[in-house]
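First comes the structure, then the notes that go with it.
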Amino acid sequence: MKRTILLITLALSPTLALAQAPAAPAAQAAAVPITDADLKNVSSPSNDDRLKGDPGGTITGTVADIAVADSKKGLTIGDVVNQIGQNKIAINFVWTLITGFLVMFMQAGFAVVETGLCRAKNANHTMMMNFMVYGVGMLAYWLIGFAIQMGGVGGNGNLGGIQPLNTEWTITLFGKPFGLFGQHGLFLTQGGTYDVGAMVMFLFQMVFMDTALTIVTGTCAERWKYVAFVVASFVMGAFTYPLFANWAWGNGWLANLGGNFGLGKGYCDFAGSGVVHAVGGLTALAGGIIVGPRLGKYTRDGKPNAIIGHDIVIVLTGCFILAFGWFGFNPGSTLGASGNGNLRISSVAVNTMLAGMTGSFGAMFYMWMRYGKPDASMSGNGLLAGLVAITAPSGFVNTVGAAIIGLIAGVLVCISVEFIDRVMKVDDPVGAISVHGANGLWGVISVGLFADGKSNYGGSWNGVMGSVTGLFYGDASQLVAQLIGVATLIGFVFSFSFVVFWIIEVVVGHRVSAKAELEGLDLPEMGQLGYPEFELKARPTGAMA
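Yeah, the sequence shown ends on 548 if you go by our numbering, and it's all consecutive.
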């Protein structure tokens, strides 16, 4: 028996030794350059195989599908390399355009959210503002806004270079160049910008700009002259939005705070908590102050009355539309799905989804605990607040950070609505200032806190090597850059917008007549009722704000 055990042990000992010893690394085969001759010998599916169909997708997308300028000469390395490059850019074009289409559809979400939160007698007027802000903003942006914003961005590798966007007007301060606005791209022709890459950039940036513009219509709803709305929207699309967007995204001075002054990676705003939402929210705040509150909103002693909207069902439906569109808004801001770390789009999408969810929970539980009921409209605003807040940090944070950012946003929007309504006495029918303004600023700040240093978009951001890292992960200077962005938003955007609204007030006036406001703006301003077959009845205002 002992002899048998000994023989078995001797037989297994080499195997046991191999199992215990670390495996030797496999020899790496030397890389062999591919030659034109190799490519000519690459097999491709036969025509007979193709005629049978390809249910498994195994013979579609092969060497046979590579375009060759002259089929007689055979396939060259140049053909393959050019086709790979074109495919990469084509993937990025398609991704950016489709996500831009999703963002455009968010206009429908904004329209029904705002209309539902307003009274039925103003439904047509509110919808028409949301409908035409798209066209008015686009016209202004095509004429001049795009050139101001992106005319000096200096190109984008994901979109094939777009080299014509290369002229930024700068001044020198503290011995450093400060970019203030771009100079190429008027009418999408000037300066060589009749360019396929520039067209993609224009479409994607244009729908972002229109998102900022439509925020203002909610705050000024139910008492705003239509002509004043048109003028204010044109100015915002031509100047207000493009100027700040240039400083942040167009190679302007905020983006270069890192390269010029060593403040992190410069001002970082992945998809626009500041550039889009805070710009829209602060412009709305200026407009709300100048336009003034609706009749009956405040009692003589300044106590606010709740003026209830007419359709909470379409409000929450609109919130779902907006949440869906945000999957274009944030992940689309990679401007590509191929190369330079763009596979992180999955992380951006999940962060977006999580923050929206925790935002709605935060608002729902806050209202439930404070007022005894889970308020539906504020729960919807909590969802939007979480989405707004995660927009800037979505490309730089992990899922835990995203959930925390959204949760804080959901509570913040409730507190902000109460403060603006009761303390500042600014009448905001839809809560846009709180959703987009307050939480846009919070989103900007959160980058400087929660960015975890794990993102990698080609190895740098704003021309500074390394990944964006916030205070909680070791870089306090990034928070400083973000706070400079917040100060600029408040100092420039609010002040500039306040002056613009004041000038419009002097020239054409913002308010409809008291008679028109009491009757509803649909007939006096639009000439047609939103609900002509409904009998509209006055509803008593409540005591709760």
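Where a beta carbon is used, it is the ideal one built from N, C-alpha and C, also for glycine.
With a threshold of 8 angstroms between beta carbons, is residue i in contact with chain B?
{"i": "residue 387", "result": "Although the question refers to chain B, the structure presented lacks it and comprises just one protein chain."}
Just reading off the alpha helix (DSSP H) that residue i is part of, what are its end residues?
{"i": "residue 250", "result": "244 to 252"}
{"i": "residue 61", "result": "Note, residue 61: premise wrong, no alpha helix (DSSP H); not H, not E."}
{"i": "residue 261", "result": "260 to 264"}
{"i": "residue 322", "result": "315 to 332"}
{"i": "residue 85", "result": "80 to 120"}
{"i": "residue 52", "result": "50 to 54"}
{"i": "residue 365", "result": "348 to 374"}
{"i": "residue 128", "result": "126 to 143"}
{"i": "residue 216", "result": "199 to 222"}
{"i": "residue 417", "result": "402 to 425"}
{"i": "residue 283", "result": "282 to 294"}
{"i": "residue 395", "result": "That residue, residue 395, is in no alpha helix (DSSP H); it is neither H nor E in DSSP."}
{"i": "residue 482", "result": "479 to 491"}
{"i": "residue 152", "result": "149 to 153"}
Based on the DSSP output, what are the partners of residue i in its beta bridges?
{"i": "residue 514", "result": "227"}
{"i": "residue 307", "result": "301"}
{"i": "residue 472", "result": "455"}
{"i": "residue 159", "result": "164"}
{"i": "residue 463", "result": "468"}
{"i": "residue 267", "result": "269"}
If distances are taken between C-alpha atoms only, which option among the options comes closest to residue i?
{"i": "residue 82", "options": "504, 395, 318 and 68", "result": "68"}
{"i": "residue 437", "options": "316, 280, 307 and 478", "result": "280"}
{"i": "residue 519", "options": "511, 510 and 530", "result": "530"}
{"i": "residue 203", "options": "270, 165, 487 and 194", "result": "165"}
{"i": "residue 224", "options": "269, 177, 115 and 275", "result": "115"}
{"i": "residue 354", "options": "394, 55 and 371", "result": "394"}
{"i": "residue 484", "options": "372, 104, 272 and 128", "result": "272"}
{"i": "residue 551", "options": "106, 108, 216 and 423", "result": "Residue 551 cannot be examined here, being either before or after the span of the chain that is shown, 4 to 548."}
{"i": "residue 473", "options": "127, 269 and 59", "result": "269"}
{"i": "residue 1", "options": "50, 458, 194 and 463", "result": "Any question about residue 1 goes unanswered here, given that the chain covers just 4 to 548."}
{"i": "residue 246", "options": "346, 85, 155 and 360", "result": "155"}
{"i": "residue 296", "options": "399, 101, 427 and 112", "result": "427"}
{"i": "residue 413", "options": "403, 401, 388 and 47", "result": "388"}
{"i": "residue 409", "options": "359, 441, 374 and 449", "result": "359"}
{"i": "residue 232", "options": "390, 378, 138 and 251", "result": "138"}
{"i": "residue 200", "options": "108, 106, 158 and 300", "result": "158"}
{"i": "residue 526", "options": "131, 482, 351 and 173", "result": "131"}
{"i": "residue 315", "options": "175, 189, 370 and 381", "result": "381"}
{"i": "residue 97", "options": "87, 368, 338 and 329", "result": "338"}
{"i": "residue 286", "options": "55, 481, 503 and 374", "result": "503"}
{"i": "residue 479", "options": "469, 267 and 441", "result": "267"}
Between which two residues does the beta strand (DSSP E) containing residue i stretch?
{"i": "residue 172", "result": "171 to 176"}
{"i": "residue 184", "result": "179 to 185"}
Does the beta-carbon distance from residue i to residue j come in below 8 angstroms?
{"i": "residue 161", "j": "residue 254", "result": "no"}
{"i": "residue 226", "j": "residue 425", "result": "no"}
{"i": "residue 489", "j": "residue 447", "result": "yes"}
{"i": "residue 406", "j": "residue 357", "result": "yes"}
{"i": "residue 168", "j": "residue 192", "result": "no"}
{"i": "residue 140", "j": "residue 236", "result": "yes"}
{"i": "residue 249", "j": "residue 186", "result": "no"}
{"i": "residue 123", "j": "residue 383", "result": "no"}
{"i": "residue 241", "j": "residue 501", "result": "no"}
{"i": "residue 125", "j": "residue 524", "result": "yes"}
{"i": "residue 1", "j": "residue 492", "result": "The chain is shown only over 4 to 548; residue 1 falls outside these bounds and no answer can be derived."}
{"i": "residue 229", "j": "residue 508", "result": "no"}
{"i": "residue 103", "j": "residue 210", "result": "yes"}
{"i": "residue 466", "j": "residue 342", "result": "no"}
{"i": "residue 274", "j": "residue 319", "result": "no"}
{"i": "residue 92", "j": "residue 163", "result": "yes"}
{"i": "residue 335", "j": "residue 99", "result": "yes"}
{"i": "residue 429", "j": "residue 234", "result": "no"}
{"i": "residue 439", "j": "residue 218", "result": "yes"}
{"i": "residue 496", "j": "residue 243", "result": "yes"}
{"i": "residue 188", "j": "residue 256", "result": "no"}
{"i": "residue 461", "j": "residue 476", "result": "no"}
{"i": "residue 449", "j": "residue 392", "result": "yes"}
Could you tell me how far apart the beta carbons of residue i and residue j are, in whole angstroms, since I believe they sit closer than 8 angstroms?
{"i": "residue 435", "j": "residue 221", "result": "4 angstroms"}
{"i": "residue 443", "j": "residue 331", "result": "18 angstroms between Cβ atoms; not a contact."}
{"i": "residue 333", "j": "residue 397", "result": "5 angstroms"}
{"i": "residue 584", "j": "residue 347", "result": "With the chain represented from 4 up to 548, any question about residue 584 goes unanswered, as that position is not in the structure."}
{"i": "residue 399", "j": "residue 294", "result": "Not really, about 37 angstroms apart at Cβ, beyond 8 angstroms."}
{"i": "residue 298", "j": "residue 521", "result": "6 angstroms"}
{"i": "residue 311", "j": "residue 432", "result": "Their Cβ separation, rounded to whole angstroms, is 10 angstroms, which puts residue 311 and residue 432 out of contact at 8 angstroms."}
{"i": "residue 62", "j": "residue 51", "result": "11 angstroms between Cβ atoms; not a contact."}
{"i": "residue 119", "j": "residue 317", "result": "4 angstroms"}
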